[in-house]
Amino acid sequence: MEVEEVERRSLHDHGDPCVPESFFDRVTQGLRNDLEHERDRRLQLTDTVLKHRAEFAFAKLENERALTSLRDELRVARGNVDRSRAEITALQTLVDAHHREHKALCEMLERKGVLHRKKQRTDGTA
């Protein structure tokens, strides 16, 4: 009912000296309270936004550092893989050379009669 009274008085009695001064004081004080509340709310929201921005910035920095670290680890791992591949290739070459040398020595010993190899049977028995 007070809202209706305020609307009625503001429409019909605006500037009327018959309207009590305390009414305007109450309305003015209510508006001031609302304004102060809105200012406080805006400050709280601003503080919240600034806090979240700071948290976001720190999280982003942490993620960038982690990403850099992972990239460094990946670079090292790729280097290790490349070195391992080179070692494998060198070892395979060495194994092949030893196999050829072994085969040549066995053939030489067979020719001299020192080594007798079993000849594989063609009928599938041992």
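Quick note: the sequence shown uses the UniProt record's numbering, first residue 1, plus one each step.
For each residue, glycine too, the CB sits at the ideal point set by N, CA and C.
Arg100 is positioned such that its CB atom lies no closer than 8 Å to that of Glu110.
Cys106 places its beta carbon 8 Å or farther from that of Leu94. If you ignore the 5 residues before and after Glu64, its C-beta comes within less than 6 Å of no other C-beta in its own chain.
Going by DSSP, Val114 is part of no alpha helix (DSSP H) at all; its letter is neither H nor E. Straight-line measurement puts the Cα of Leu67 at about 51 Å from the Cα of His102.
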